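Peer 1: Pasting a structure below so you can have a look.
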Ligand code: GRF
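Residue numbers (our numbering): 22 to 220.
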């Protein structure tokens, strides 16, 4: 039986698509994305799920009595479908311990910078790239790491570098990094599923 991957999203879902397609092509061997959960209705990731034939669910925190109950439910939905690895792909909520305890060491995140730099609270989307440019960095990139109870601080699995070019805007840098994200995330997932997460 194929390993079940679950994905959590809040937006466009291009990394979700990269993971689902990599699994369908066999680049993540013996695995399939079985469920994508969005915390928001109407986002691009849900359209992509439909096109890719991946089951999707919208679960909104406002419909739950607490954040703990919300993440309990997400864990149940994944577990019911045999998901053993969860990938955060542009998921903007902080994952609560209820989910981390249920999937210890089995929740990954992709961050559009070279952690441990430019991570943590408030460091998402264009904020990350603005901070990289303001700091005059010569290089940026992306990081896949294990999610633990501190934002953007869990063990790093893989990174890819891109140059920061003269005249770069946050959007230009983000686009250059996104191309690398789509290659890096499937590689990291394949390694974790093969039990060889080291470089
Ligand atoms: C990516 O840059 C990812 O690193 C960050 O959020 C963005 C999500 O993009 N966590 P998408 O929704 O996968 O297109």
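Even for Gly, the Cβ is constructed at its ideal location relative to N, Cα and C.
Small disclaimer: the values here were computed from a predicted structure and weren't measured.
Going by DSSP, what residues sit across from residue 182 in a beta bridge?
Peer 2: Stepping through the chain shown from its first residue, residue 182 is reached at position 161. DSSP output for residue 182 lists 162 as bridge partner(s).
Peer 1: Assuming the contact rule is C-beta atoms closer than 8 Å, residue 58 and residue 40 should be a hit. Round their C-beta distance to whole Å, please.
Peer 2: Against the chain shown, residue 58 aligns to sequence position 37. Against the chain shown, residue 40 aligns to sequence position 19. That pair is no contact at about 14 Å.
Peer 1: Determine the DSSP secondary structure at residue 55, reduced to helix, strand or coil.
Peer 2: Position 34 of the chain shown holds residue 55. Residue 55 falls in the strand class under three-state DSSP.
Peer 1: Between residue 198 and ligand 1, is the CB less than 8 Å from at least one heavy atom?
Peer 2: By one-based count along the chain shown, residue 198 stands at place 177. Yes, since a heavy atom of ligand 1 falls inside the 8 Å radius drawn around the Cβ of residue 198.
Peer 1: In three-state terms, what does DSSP make of residue 198?
Peer 2: Counted from its first residue, the chain shown places residue 198 at position 177. Three-state result, residue 198: helix.
Peer 1: For residue 202, count the other beta carbons within 10 Å of its own beta carbon; 16 or more makes it buried, fewer makes it exposed. Which is it?
Peer 2: Translated into positions along the chain shown, residue 202 becomes position 181. Counting Cβ neighbours within 10 Å, residue 202 comes out buried, since at least 16 surround it.
Peer 1: From which residue to which residue does the alpha helix (DSSP H) around residue 154 run?
Peer 2: Residue 154 sits at position 133 when you count from the first residue of the chain shown. Residues 147–155.
Peer 1: Is residue 185 near ligand 1, in the sense that its beta carbon is under 8 Å from a heavy atom of that ligand?
Peer 2: In the chain shown, counting from the first residue as 1, residue 185 sits at position 164. No, the Cβ of residue 185 stays beyond 8 Å of every heavy atom of ligand 1.
Peer 1: With a 10 Å radius around its C-beta and 16 neighbouring C-beta atoms as the bar for buried, classify residue 190 as buried or exposed.
Peer 2: Indexing the chain shown from 1 puts residue 190 at position 169. When all chains shown are included, residue 190 counts as exposed.
Peer 1: Using DSSP with H/G/I as helix, E/B as strand and the rest coil, what is residue 106?
Peer 2: For the purposes of this step, residue 106 is taken as the residue at position 85 of the chain shown. Three-state result, residue 106: strand.
Peer 1: With a threshold of 8 Å, establish whether the CB of residue 27 neighbours any heavy atom of ligand 1.
Peer 2: Numbered from its first residue, the chain shown carries residue 27 at position 6. The answer is no for residue 27.
Peer 1: What do you get for residue 22, buried or exposed, if any count of 16 or more other CB atoms within 10 angstroms of its CB means buried?
Peer 2: Start at 1 with the first residue of the chain shown, and residue 22 comes out as number 1. Its Cβ having fewer than 16 others within 10 Å, residue 22 is exposed.
Peer 1: CA-CA distance, residue 83 and residue 90?
Peer 2: For this step, residue 83 is matched to residue 62 along the chain shown. For this step, residue 90 is matched to residue 69 along the chain shown. Distance between the alpha carbons of residue 83 and residue 90: 11 Å.
Peer 1: Which partner residues does residue 24 have in the DSSP bridge list?
Peer 2: Here residue 24 corresponds to residue number 3 of the chain shown, with the count starting at 1. BP columns for residue 24 point to 52.
Peer 1: Below 8 Å, how does it come out for the segment 30–50 and the segment 58–75: are there three or more Cβ pairs, yes or no?
Peer 2: yes
Peer 1: Hey, is the segment 175–183 in contact with the segment 204–211, meaning 3+ C-beta pairs nearer than 8 Å?
Peer 2: yes
Peer 1: Measure the alpha-carbon distance for residue 119 versus residue 155 and round it to whole angstroms.
Peer 2: By one-based count along the chain shown, residue 119 stands at place 98. By one-based count along the chain shown, residue 155 stands at place 134. About 37 Å.
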